[in-house]
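Q: In terms of the working numbering, the sequence shown opens at residue 14 and continues consecutively.
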Amino acid sequence: MPVKYISDADIDQRPEAKGPNIIPGTEKRKSPYTEGQTKDAGFAFRMAQSLKRIEGLEQSGFDPANFKDILVDYLGGDGDGIRGWAERLILSPKYKQYERAKTDFSTAQLRKETGAVINDTEIVWIDNTYFPLIADDPVTLGDKTDARRAATGGMRVGAGKAYDDVVKAVDEFTKQFGSDTPEAAMKQLRKRAETDEALATRLRNMGLL
14 MPVKYISDAD
24 IDQRPEAKGP
34 NIIPGTEKRK
44 SPYTEGQTKD
54 AGFAFRMAQS
64 LKRIEGLEQS
74 GFDPANFKDI
84 LVDYLGGDGD
94 GIRGWAERLI
104 LSPKYKQYER
114 AKTDFSTAQL
124 RKETGAVIND
134 TEIVWIDNTY
144 FPLIADDPVT
154 LGDKTDARRA
164 ATGGMRVGAG
174 KAYDDVVKAV
184 DEFTKQFGSD
194 TPEAAMKQLR
204 KRAETDEALA
214 TRLRNMGLL
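1) Find the nearest neighbour of Phe-80 within the set Ala-164, Tyr-108 and Tyr-46, judged by alpha-carbon distance.
2) Identify which residue in Gly-173, Tyr-143, Gly-171 and Val-170 has its Cα closest to the Cα of Asp-159.
3) Return the chain-ordered list of same chain residues with a C-beta closer than 6 angstroms to the C-beta of Phe-118, the five sequence neighbours on each side being excluded.
4) Does DSSP put Phe-75 in a helix, in a strand, or in coil?
5) Nearest to Val-137 by CA position, among Glu-71, Leu-123 and Glu-68, is which residue?
6) DSSP state of Leu-202, grouped into three classes?
7) If you measure between the beta carbons of Gln-50 and Ala-211, is that distance less than 8 angstroms?
8) Put Ser-105 into one of helix, strand or coil per three-state DSSP.
9) Roughly how many angstroms lie between the CA atoms of Asp-82 and Pro-151, to the nearest whole one?
10) Which residues mark the beginning and the end of the alpha helix (DSSP H) in which Asn-218 is found?
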């Protein structure tokens, strides 16, 4: 039987199979930055976004240390059960917004400081350092505002140019999700990360989770 030679034209030129969809900005790539700079960039971004929300609420006249919200929050316990449900109904919207931003600012700062699980002692320390408490005088409140800004600026300086890359990545998330704000985009991204361990790992490596 004569041998048949196969030419390039005889080969099935099918396109390569595509892998799973990757959210722009989270794909693996060789980074020109150190691991520390990359994480600092994510921490700095979170702190900057939180700072913007915190100062916007304070400038609107909201007092995060008002007695009503503080009392309701305290009586609500750990947020579980009927008491937690009632607390969420009674707390003012601005207090809940402030607490969310405060938590994100705090965890970003403490992840940098400790790199581990955050304990209650550290939460007390960060509250005393950065956020209004009942009976704080105007000078103390001003010092805490300055401390928040200094911490955010310091984190951004430590990140260097990696900060710009994180901002660009979050902008891409925002456009892809059709979100109104980077804050909303990050909320959606973190929601997806709850069921996507690969995405969660990438976000942690970027300091965004």
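Every residue, glycine too, gets a C-beta built ideally from N, C-alpha and C.
A: Well, looking at it:
1) Tyr-108
2) Tyr-143
3) Met-60 and Ser-63
4) coil
5) Leu-123
6) helix
7) no
8) coil
9) 20 angstroms
10) 210–218
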